[in-house]
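Notes for the one structure printed next.
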Amino acid sequence: MILKYISEEPAAGNHAGNKARRDVDAIFARRGYKPIENIVETRFGSTVEKIKYTLDSATWKKVLRLRRSEDQTVVAQFPVYGNKIMRAALNDFFDRNRMIFIVHDLDALRNFGSASAAAEIDRLNRAETLIVHNERMMGALFGLGVRTPMIGLEIFDYLLDKPPAARAAVDRNTIIFAGNLEKSAFLRSLGAIDVNFNFYGPRGDKKFEAANVNYVGSFTPEEIPFKLEGGFGLIWDGDSIGTCSGAFGEYLKLNNPHKLSLYIAAGLPVVTWTQAAIADVIVKYGLGFVVDSLKELPSKLQSISDAEYQSMLVHSARMQSKLVGGFFTGRALDQVERMLSR
163 MILKYISEEP AAGNHAGNKA RRDVDAIFAR RGYKPIENIV ETRFGSTVEK IKYTLDSATW
223 KKVLRLRRSE DQTVVAQFPV YGNKIMRAAL NDFFDRNRMI FIVHDLDALR NFGSASAAAE
283 IDRLNRAETL IVHNERMMGA LFGLGVRTPM IGLEIFDYLL DKPPAARAAV DRNTIIFAGN
343 LEKSAFLRSL GAIDVNFNFY GPRGDKKFEA ANVNYVGSFT PEEIPFKLEG GFGLIWDGDS
403 IGTCSGAFGE YLKLNNPHKL SLYIAAGLPV VTWTQAAIAD VIVKYGLGFV VDSLKELPSK
463 LQSISDAEYQ SMLVHSARMQ SKLVGGFFTG RALDQVERML SR
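The following block contains the structure:
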């Protein structure tokens with residue numbers, strides 16, 4: 163089945179959000195789906211730039227093309243990013259076409275966005291089908307009143323032309339953390355844990371005073387799988403090393419952080435919070451281990467035998483081969499097509 167789709171061109175940046183959306187867009191194209199329109203994420207450096215964009219005939223030609231479309235079955239990514247003009251045009255487009263959404267983030271669930279939860283739920287309920295992160299997210303959305311059929315993605319893909327080579331000698335007692343170092347408040351407390359950490363990501367110019375912390379650098383999403391050095395990738399959020407706390411911790415109970423995909427694409431085993439939604443995947447596929455508190459890391463690392471660690475590497479390599487080729491998004495889209503053909 164050849165579907166139509168809204169193509170995206172996110173702004174460049176060394177962060178996971180752009181990589182996830184670019185990969186989904188690439189998978190649409192690989193499947194032979196037909197782009198209706200290409201939405202370029204614009205960032206205005208001044209009021210003058212914003213005025214020029216608003217008055218540009220190319221902007222309004224794009225809006226008019228979107229407004230001419232109706233009663234088509236279209237797959238798109240959610241939520242809509244970009245400037246106010248394009249968001250309004252796309253929301254109008256969604257109202258007049260049969261939409262399948264691949265969901266990345268939901269303010270209705272993470273509680274720290276500016277969007278109205280009611281409006282978001284209403285938009286999801288007017289779609290034909292939703293591809294969401296996992297079964298826990300399905301349950302939470304159902305609890306909020308979403309009745310649109312939902313498909314669980316399980317893991318976000320991480321497309322690479324060629325994955326990193328299999329890992330041989332590694333320092334198993336070094337934990338990797340890749341992400342927004344400014345946002346992750348718990349990082350300031352890692353000096354209390356007798357484990358070494360390698361940090362990767364933006365905002366690395368700030369000082370990390372703990373002797374067990376090494377800031378490595380910031381890299382593009384395409385570069386970083388080849389740069390990660392250590393034994394395990396860490397997925398944790400909030401302001402505490404004792405548990406994943408606050409709004410970010412609560413959201414971790416429902417979402418699939420894209421850094422899981424990064425670590426697996428790099429061939430790394432993973433450690434996360436016991437209550438995280440992705441703990442289900444990590445345990446199911448033998449991709450690492452889970453803890454209630456980061457204070458458990460020293461004893462847990464000591465308890466893992468060489469044979470157990472090698473098994474984790476093997477399982478991560480098997481999952482890596484799926485992620486870098488787009489397996490999970492493709493599987494979900496296969497399900498969508500079967501549902502639409504009934």
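Take the sequence shown: its position 45, counting from 1, is numbered 207 in my numbering, and each next residue is one higher. Backbone N, C-alpha and C fix where the C-beta goes; we use that ideal spot for every residue, glycine too.
For residue i, count the other beta carbons within 10 Å of its own beta carbon; 16 or more makes it buried, fewer makes it exposed. Which is it?
| i | result |
| --- | --- |
| ARG480 | exposed |
| LYS421 | buried |
| MET261 | buried |
| PRO419 | buried |
| PHE256 | buried |
| GLU470 | exposed |
| THR209 | exposed |
| ASN342 | exposed |
| LYS181 | buried |
| ILE164 | exposed |
| THR382 | exposed |
| PHE304 | exposed |
| GLU371 | exposed |
| ASP319 | buried |
| GLU316 | buried |
| ASN259 | buried |
| TRP435 | buried |
| ALA494 | buried |
| GLN482 | buried |
| SER380 | buried |
| ARG227 | exposed |
Have a look at the options and flag the residue whose alpha-carbon is nearest the alpha-carbon of residue i.
| i | options | result |
| --- | --- | --- |
| LEU456 | PRO419, TRP398, TYR413 | TRP398 |
| TYR362 | ARG192, GLN482, ALA340 | ALA340 |
| PRO364 | GLU371, SER465, TYR377, ARG493 | TYR377 |
| ILE313 | LEU306, GLY305, VAL294, LEU321 | VAL294 |
| VAL225 | THR235, LEU306, VAL237, ASP254 | ASP254 |
| PRO311 | LEU321, LYS345, GLU203, VAL265 | VAL265 |
| VAL453 | ALA438, LEU165, LYS446 | ALA438 |
| LEU531 | LEU424, GLU211, LEU459 | Nothing can be reported for residue 531, as the shown portion of the chain is limited to 163 through 504. |
| VAL186 | PHE489, ASN287, THR235 | PHE489 |
| ARG229 | GLU211, MET248, VAL237 | MET248 |
| GLY392 | SER402, ALA494, ASP333, SER407 | ASP333 |
| ALA426 | GLY411, ASP442, LEU449, ARG192 | Correcting the residue type first, residue 426 is Ile in the shown sequence and not Ala. ILE426 has its Cα closest to that of LEU449, out of GLY411, ASP442, LEU449, ARG192. |
| ALA409 | LEU271, ALA220, ASP319 | LEU271 |
| GLY492 | PRO172, ILE189, ARG183 | ILE189 |
| ILE337 | ILE317, ILE283, ARG309, PHE394 | PHE394 |
| VAL375 | LYS446, ASN335, LEU495 | ASN335 |
| LEU252 | ILE168, ARG184, ALA220 | ILE168 |
| VAL202 | ASN417, LYS246, THR405, SER503 | LYS246 |
| LYS166 | PRO197, VAL486, ARG183 | PRO197 |
| TYR195 | ASP496, ARG285, THR291 | ASP496 |
| LEU502 | ILE440, SER231, LEU292 | LEU292 |
| LEU416 | ALA220, ASP269, PHE263, ALA289 | ASP269 |
| LYS223 | ASN200, GLN234, GLU232 | ASN200 |
| VAL236 | ALA250, ARG227, THR221, PHE263 | PHE263 |
| ASP284 | ARG309, ASP267, ASN296 | ARG309 |
Tell me, please, which residues DSSP counts as bridged to residue i.
| i | result |
| --- | --- |
| ALA238 | PHE263 |
| LEU292 | PHE263, MET312 |
| THR436 | THR436 is not bridged to any residue. |
| VAL453 | TRP435 |
| ILE247 | None, per the DSSP bridge assignment. |
| PHE490 | Its beta-bridge partners do not exist; DSSP assigns none. |
| PHE339 | PHE361 |
Please find out if some non-hydrogen atom of the ligand FMN comes closer than 6 Å to the beta-carbon of residue i.
| i | result |
| --- | --- |
| ALA279 | Among the components of this structure there are no ligands whatsoever, and the ligand FMN is therefore not found. |
Given 8 Å, three or more beta-carbon pairs between the region 317-326 and the region 370-389: Between the region 317-326 and the region 370-389 there are three or more inter-stretch CB-CB distances shorter than 8 Å, so the stretches are counted as touching.
Review point. Can you list the beta strand (DSSP E) stretches of 3 or more residues lying completely in the region 349-429, in chain order?
Key: If you keep only unbroken beta strand (DSSP E) runs of at least 3 residues inside the region 349-429, you get 358-362, 375-379, 394-397.
Checklist line | beta strand (DSSP E) segments (min. 3 residues) lying fully within the region 163-221 | finding: The qualifying runs are 166-171, 196-202.
Pairing CB atoms from the region 428-443 with CB atoms from the region 469-477, are three or more of them under 8 Å?
By the C-beta criterion, the region 428-443 is judged to be in contact with the region 469-477, since at least 3 inter-stretch pairs fall below 8 Å.
task: Count the C-beta pairs between the region 348-361 and the region 300-309 that are closer than 8 Å, then say yes if the count reaches three, no if not.
output: Fewer than three Cβ pairs drawn from the region 348-361 and the region 300-309 lie within less than 8 Å of each other, which leaves the two stretches out of contact.
Check: Are three or more beta carbon pairs between the region 235-243 and the region 211-218 nearer than 8 Å?
Finding: Contact between the region 235-243 and the region 211-218 is not established, with fewer than three Cβ pairs separated by less than 8 Å.
Inspect the CB distances between the region 343-352 and the region 392-406 and report whether three or more fall short of 8 Å. By the Cβ criterion, the region 343-352 is in contact with the region 392-406, since at least three pairs of Cβ atoms, one from each stretch, lie closer than 8 Å.
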